[in-house]
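Per full-length UniProt numbering, the sequence shown starts with residue 1, numbered consecutively.
Data first, discussion second: the structure below is written as structure tokens.
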Amino acid sequence: NTMTVTPLGAGQEVGRSCHLLEFQGKKILLDCGIHPGYTGLDGLPAFDRIDPPSIDLLLITHFHLDHAASLPYFTERTGFRGRIFMTHPTKAVLRLLLQDYIRLMEIKSGNDEEPPPPQSSVLYTEEELQSCIKKIELIDYHSIHSVSGIKFWAYNAGHVLGAAMFMIEISGRHVLYTGDYSMEDDRHLSAAEIPDIQPDVLIIEATYGVQVHPTREEREARFTGTVDRVVSGGGRCLIPVFALGRAQELLLILDEYWQANPHLHSIPIWYASKLATKALRVYQTYVNMMNVRIRQAMDLGNPFQFKFIQNLKSIDVDEFDDRGPGVVFASPGMLQSGVSRKLFDRWCTDPKNGVLIAGYAVENTMAKELMKEPEEVVTLEGKRQPLNCIVEYVSFSAHVDFVQNRDFMMRVKPGRIILVHGQRHEMKRLKQAMDTQYRKEVPSAERPRIDMPENTQTVKMPFTQRKDAVVMGRLASGAERRNFKKGDELKGVMFTQNFQTSICDPEDLSTYTELRVGKVSSKLHVPFVGSLDTLRLFLHELFVGVKEDPSSNT
1 NTMTVTPLGA GQEVGRSCHL LEFQGKKILL DCGIHPGYTG LDGLPAFDRI DPPSIDLLLI
61 THFHLDHAAS LPYFTERTGF RGRIFMTHPT KAVLRLLLQD YIRLMEIKSG NDEEPPPPQS
121 SVLYTEEELQ SCIKKIELID YHSIHSVSGI KFWAYNAGHV LGAAMFMIEI SGRHVLYTGD
181 YSMEDDRHLS AAEIPDIQPD VLIIEATYGV QVHPTREERE ARFTGTVDRV VSGGGRCLIP
241 VFALGRAQEL LLILDEYWQA NPHLHSIPIW YASKLATKAL RVYQTYVNMM NVRIRQAMDL
301 GNPFQFKFIQ NLKSIDVDEF DDRGPGVVFA SPGMLQSGVS RKLFDRWCTD PKNGVLIAGY
361 AVENTMAKEL MKEPEEVVTL EGKRQPLNCI VEYVSFSAHV DFVQNRDFMM RVKPGRIILV
421 HGQRHEMKRL KQAMDTQYRK EVPSAERPRI DMPENTQTVK MPFTQRKDAV VMGRLASGAE
481 RRNFKKGDEL KGVMFTQNFQ TSICDPEDLS TYTELRVGKV SSKLHVPFVG SLDTLRLFLH
541 ELFVGVKEDP SSNT
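In structure tokens form, the structure reads like this:
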């Protein structure tokens, strides 16, 4: 009766989200990501600390790489045989992102044509990705599924298209895993839902700790104002983004701003992504899962057919004509490598240029390094050069801030809280703030305990289980006829299926289970010296219900 939660990644860190939930003999893996700050096996969750073939179920909350990119490795190279669920948009987008991720891994390994070296950063092949994709099962918001006695369903999480929170029920206990979630309506997505069930355990993100975001209007004004300032001064503005997710939101904002400001109409905006066209097609397909604003806009036209933004399927940075002002959206979002990093290395020495970090920056990435305002940076080639360009950070990462996270926890009223997906110091501040909040507003007996485990540290939660049994079939009918009362004795066969205990007459066992009733008889030969009458006397004194076999030769 002890439930355990063990972060294999995203424990006191942001990246490689993966959590093992165990209860009543069932094992569930929540997310399966990689750490963007590391390469190869170093970026994986601690899969060596678990037994993959024993995992019953794997749930993916959304398509971001830090929550889903190690999935093909786990399904194809570890012996995992369980079932995998995610929403329709998550699967559609994830396929595109992981194909691009494989391409980038192969480039990092040195050669697209030759086999990768032994210590390659390539974690899986295109063939393994396709095999993994075929194993994925789909789930709609609010539809209840059951696997090996584990019930689960999804709520809208508001983070990116198709993002889900999962409510999991095992033996009457409820666990809510938020993944990444947002409580704010934006240009194309609705805010996360508040579940109507009070969970026993809440596993919740702590990305921003006790930070409070500026208002949406303030952030949009700062974002568009920074871009305007850079290009109006003749500079080039780099906006590093992931190919799908927040990129679509920022494109909507900037296209709308360009349309409202004629002095910018001659300045180009490029969306540099091999996935650009495919990505927008996916977004158009699932417009029914977006907010009212976008659905109404679709009645008049396609809001994702931008007027001022040009798609670049491919870009050779060395030959890219970047004379004059312009804006480039390029991936990856944390400037680890790829087009965004190459453009940054090329542009960062010019004070007219600018780079605008619009999402959360993970440790050990260039995006995070820029937020520390260094005087110099190291290029991909290892060359040191001055950082002279404008650097601005405006968060559109669609994670909750402290106020939103606090309000969500207070409304959901969990019995226990486990903080994940946050740096240690941010988590610690959030834990202290929530402990203070609960002391002020909640009686001591009702205050949830808050844990913030590091990677591979197990949180143990004992639960007192009340054991109820349902009387079924002819046994139930007989008890009803005889007007059974509390304390009366009832004889039958008790069995448990998927955490439900039942009692029935032996004759009904085959009706409610796959079991069959059989009779077992045995004979025991015991040497005895004496008369039969003496033996009969002894047996009747020792045992009740002694029967004599008339067919016996004695």
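Just so you know, even glycine gets a beta-carbon here, dropped at the ideal spot from N, CA and C.
Other residues of its chain near arginine 411: CB distance less than 7 Å, five sequence neighbours each side excluded:
Cβ-Cβ distances below 7 Å link arginine 411 to Ile194 in the same chain, with the five nearest sequence neighbours on each side left out; the list follows chain order.
Is alanine 163 helix, strand or coil when you go by DSSP?
coil
On the DSSP letters alone, give me the boundaries of the beta strand (DSSP E) that cysteine 237 sits inside.
Following the DSSP letters along the chain, one finds cysteine 237 inside the beta strand (DSSP E) bounded by residues 236-240.
Let me know the secondary structure DSSP gives proline 550 once reduced to three states.
In the structure shown, the three-state DSSP call for proline 550 is coil.
Buried or exposed for leucine 537, please, with buried defined as at least 16 other CB atoms from any protein chain shown within 10 angstroms of its CB.
exposed
Three-state secondary structure (DSSP) at threonine 226?
Under the three-state reduction of DSSP output, threonine 226 falls in the helix class.
Burial state of glutamate 106, where buried means 16 or more other Cβ atoms lie within 10 Å
buried
According to DSSP, is glutamine 465 part of a helix, a strand, or is it coil?
Reduced to three states, the DSSP call for glutamine 465 is coil.
Taking contact to mean 3 or more Cβ pairs, one atom from each stretch, closer than 8 Å, check whether the stretch 44-51 and the stretch 10-20 are in contact.
yes
Would you call the stretch 297-312 in contact with the stretch 198-212, where contact means no fewer than 3 C-beta pairs closer than 8 Å?
no
Please work out which residues of its chain come closer than 8 Å, Cβ to Cβ, to glutamate 441, disregarding the five sequence neighbours upstream and downstream, and give them in chain order.
Within the same chain, glutamate 441 has close Cβ partners Met410.
DSSP three-state assignment for asparagine 288, whether helix, strand or coil
helix
The stretch 261-274 in contact with the stretch 164-179 per 3-pair CB rule at 8 Å
Taking a cut-off of 8 Å on C-beta distances, the stretch 261-274 does not touch the stretch 164-179, as fewer than three cross pairs fall below it.
Check this for me: beta carbons of leucine 387 and arginine 341, under 7 Å apart or not?
no
Buried or exposed for leucine 142, going by 16 or more other Cβ atoms inside 10 Å?
The question names leucine, but residue 142 in the sequence shown is histidine. So histidine 142 counts as exposed.
Compute the Euclidean distance between the alpha carbons of valine 227 and glutamate 220, then round it to the nearest angstrom.
Straight-line Cα distance between these residues: approximately 11 Å.
Thinking C-beta only, is valine 160 closer than 7 Å to isoleucine 168?
Cβ distance not < 7 Å, so isoleucine 168 and valine 160 don't count as in contact.
Where does threonine 349 sit, in a helix, a strand or coil, going by DSSP?
coil
State the Cα-Cα distance for the pair glutamine 457 and threonine 4, rounded to the nearest angstrom.
If you take the alpha carbons of glutamine 457 and threonine 4, they lie about 10 Å apart.
Less than 7 Å separating the beta-carbons of leucine 244 and valine 93?
yes
Proximity below 7 Å, CB of proline 53 to CB of glycine 79
yes
Helix or strand or just coil, what does DSSP make of leucine 98?
It is helical.
For arginine 187, collect the residues of the same chain with a Cβ closer than 6 Å to its Cβ; drop the 5 residues on either side in sequence, then sort them by chain order.
Glu249, Leu252
Boundaries of the alpha helix (DSSP H) in which asparagine 405 is found, first to last residue:
402-412
With DSSP run on the structure shown, which of helix, strand or coil describes phenylalanine 47?
Phenylalanine 47: helix per DSSP, three-state reduction.
How many Å lie between glycine 40 and valine 122 at the Cα?
6 Å
Output needed for proline 453: all residues of its chain with C-beta closer than 6 Å, excluding positions within five of it in sequence on either side, in chain order.
Result list for proline 453: Pro7, Gly11, Val459, in chain order.
Quick check on the DSSP output: what are the complete beta strand (DSSP E) runs of length 3 or more inside the stretch 475-501, in order along the chain?
493-497
If you compare alpha carbons, which of Gly234, Pro374, Val471 is closest to glutamate 489?
Val471
Looking at C-alpha atoms only, which residue of Ile60, Ile50, Lys519, Asp56 is the closest neighbour of leucine 30?
Ile60
Under a three-way DSSP split, which group does serine 510 fall into?
helix
In chain order, what are the residue ranges of uninterrupted beta strand (DSSP E) at least 3 long that sit wholly in the stretch 367-392?
376-378, 384-386
So alanine 367 packs on leucine 335, CB below 8 Å; how close in whole Å?
5 Å
Between which two residues does the alpha helix (DSSP H) carrying glutamine 259 extend?
246-260
Indicate whether proline 36 and glycine 15 have their beta-carbon atoms separated by less than 7 Å.
One thing to note: proline 36 has its Cβ within 7 Å of the Cβ of glycine 15.
Looking at the unbroken beta strand (DSSP E) that takes in phenylalanine 85, where does it start and where does it end?
83-86
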